[in-house]
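See structure below.
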Amino acid sequence: MSPRPGTGYTVKAGDYRASSGRDAGDRQLLNLMVEIDLDSAGGLCTVEFAAAEGAPVEAGAPVSISLDVGAGAVEVFTGEAGQVRIGAASERIDAWDALATLARTRVASFYDSVSADFVIKDLLQKAGAKAGDVAPGPDLAQYAVHAGPSVLAHLQKLAGLCGAALYCDGGGKVQVPGPDTSGASHRFQYGETVIALALQPATPAYDSVEVWGEGAASAKGADKAHWLSTDLAGVQGKAALGASGATSGKLGQTPLQLIDGALRSGDAAQAAADYCTRALAERTVRGHLDVFATPAVRPGDTVTLDKLPSNHPAARLLAGGATLRVRRVRHTLDRARGLVTRIGF
113 MSPRPGTGYT
123 VKAGDYRASS
133 GRDAGDRQLL
143 NLMVEIDLDS
153 AGGLCTVEFA
163 AAEGAPVEAG
173 APVSISLDVG
183 AGAVEVFTGE
193 AGQVRIGAAS
203 ERIDAWDALA
213 TLARTRVASF
223 YDSVSADFVI
233 KDLLQKAGAK
243 AGDVAPGPDL
253 AQYAVHAGPS
263 VLAHLQKLAG
273 LCGAALYCDG
283 GGKVQVPGPD
293 TSGASHRFQY
303 GETVIALALQ
313 PATPAYDSVE
323 VWGEGAASAK
333 GADKAHWLST
343 DLAGVQGKAA
353 LGASGATSGK
363 LGQTPLQLID
373 GALRSGDAAQ
383 AAADYCTRAL
393 AERTVRGHLD
403 VFATPAVRPG
413 DTVTLDKLPS
423 NHPAARLLAG
433 GATLRVRRVR
443 HTLDRARGLV
453 TRIGF
């Protein structure tokens, strides 16, 4: 394989290895694709080796990929082989990351007087996964983890209360970035490092968030948090999207309504509403950029596009040097174009 000059790779699948270095390994890489998406249920990877002697990679075998464009190797995927297909001249391996394991894992537990982010970290530990950075979340009076839903389903629900999403990074850690999480910043130059551009305004389906909890703590005191009350005004939170971002204490015309009995105080319900509304506010543009080899970009990072002509149709979307929050990253390495990174928003 002859990728774009300056692009290095190391692919490990089970006992086999392919590399662009001096030690080329025992497999020849034909192409690969890695995709991590905040809006999906886990990262995916496809590796295609040229046919060679030896047994094929077994399902469940560890798979790891690192890419190097001159600044040092960057891990872009860690997971396990899920499906292996043997062709006339190649062997294709479809792999997925730790979120797929969490989707198959079930635990039972109970929590009392903890925050949502604490439960996320503890569930990851119980499931045998590595936790990365976890966004702060509202306080939960009680939270029961039933064995029916998977660990991933519980994590997605809890992340939603934090206004966050979750993904597995290239090193295998589960990251839960929230609207206030500050990732790395990346700058690309239109006409130089940008291969393709497709952007459009993102109109939120909701203009505000209304959260309802349970209990009588706000009206009767903390020791009555377990009481059921017909008056839920004390365990309500609301926030709206304004011109300058999220605004607490207001509702718009099309609110998203959330109900969670684990929120037993007005402060907890309001915190959940604020987190969720800030998450809505941060996505003003949808679309993607295709750029030359950029393995370091991750979901949660921010992107700035420089040198965009003022008369370009996308210029109005990016007025004032607006930054774009990364939600999806796809790396594709093949013979035709070398390494290309698609960054989705």
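Residue 170 in the working numbering sits at position 58 of the sequence shown; the count goes up by one each step and never skips.
Beta carbons: idealized from backbone N, C-alpha and C, even for Gly.
Going by DSSP, what residue range makes up the beta strand (DSSP E) through residue i?
i: THR414; result: 414 to 418
i: GLN195; result: 186 to 198
i: SER132; result: SER132 -> no beta strand (DSSP E), and no H or E assigned at all.
Provide the residue span of the alpha helix (DSSP H) that contains residue i, from first to last.
i: THR158; result: Here THR158 belongs to no alpha helix (DSSP H); instead the beta strand (DSSP E) covers 156 to 162.
i: ASP234; result: 228 to 238
i: LEU214; result: 210 to 215
i: ASP180; result: Premise fails: ASP180 lies in the beta strand (DSSP E), 174 to 180, not in any alpha helix (DSSP H).
To the nearest angstrom, how far is the alpha carbon of residue i from that of residue j?
i: LEU368; j: ALA385; result: 10 Å
i: GLY249; j: LYS233; result: 12 Å
i: LEU270; j: PHE230; result: 10 Å
i: ALA247; j: GLY399; result: 25 Å
i: GLU326; j: LEU150; result: 30 Å
i: TYR279; j: SER262; result: 16 Å
i: ALA276; j: THR293; result: 9 Å
i: ALA408; j: THR414; result: 12 Å
i: GLY155; j: MET145; result: 11 Å
i: ASP206; j: GLY199; result: 14 Å
i: TRP324; j: ALA380; result: 10 Å
i: ALA434; j: SER422; result: 14 Å
i: LEU401; j: SER377; result: 43 Å
i: ASP224; j: ALA253; result: 6 Å
i: LYS350; j: HIS424; result: 38 Å
i: ARG395; j: ASP138; result: 44 Å
i: THR213; j: GLY295; result: 26 Å
i: ASP135; j: ARG129; result: 10 Å
i: GLY388; j: GLU322; result: Gly is not the amino acid found at residue 388; the sequence shown has Cys there. Whole-angstrom Cα-Cα distance: 9 Å.
i: PRO289; j: ASP245; result: 7 Å
i: ARG447; j: CYS274; result: 42 Å
i: ASP209; j: ALA265; result: 16 Å
i: SER176; j: THR416; result: 29 Å
i: SER152; j: VAL441; result: 12 Å
i: PHE222; j: TYR255; result: 6 Å
i: VAL57; j: LEU451; result: Because the chain spans 113 through 457 in this model, residue 57 falls outside it and cannot be assessed.
i: SER132; j: THR453; result: 18 Å
i: VAL430; j: ILE148; result: Before going further, note that residue 430 is Leu rather than Val in the sequence given. Near 24 Å, if we compare the C-alpha coordinates of ILE148 and LEU430.
i: LYS242; j: THR190; result: 12 Å
i: GLU165; j: THR119; result: 27 Å
i: CYS157; j: HIS443; result: 9 Å
i: SER114; j: VAL186; result: A caution first: SER114 carries a pLDDT of 38, below 50, which makes its placement in the model unreliable, though a value can still be read off. About 19 Å.
i: LYS238; j: VAL257; result: 12 Å
Quickly, what does DSSP pair residue i with across the bridge? List them, please.
i: GLY450; result: ASP446
i: ASN482; result: Because the chain here runs from 113 to 457, residue 482 falls outside it and cannot be looked at.
i: PRO367; result: SER320
i: TYR121; result: LEU179
i: GLN348; result: TRP324
i: ALA222; result: Before going on, a small fix: residue 222 reads as Phe here, not Ala. Partner(s): ALA256.
i: ASP149; result: ARG440
i: GLY137; result: ALA130
i: ASP206; result: THR158, GLN195
i: VAL397; result: PRO313
So, with DSSP's three-state summary, where would you put residue i?
i: THR359; result: strand
i: ARG390; result: helix
i: ASP402; result: strand
i: ALA383; result: helix
i: GLY456; result: strand
i: GLY378; result: helix
i: ALA243; result: strand
Exercise. If you scan the region 246 to 320 from start to end, which runs of the beta strand (DSSP E) of 3 or more residues do you find wholly inside it?
Worked result: Fully enclosed beta strand (DSSP E) runs of 3 or longer: 251 to 257, 285 to 288, 297 to 301, 306 to 313.
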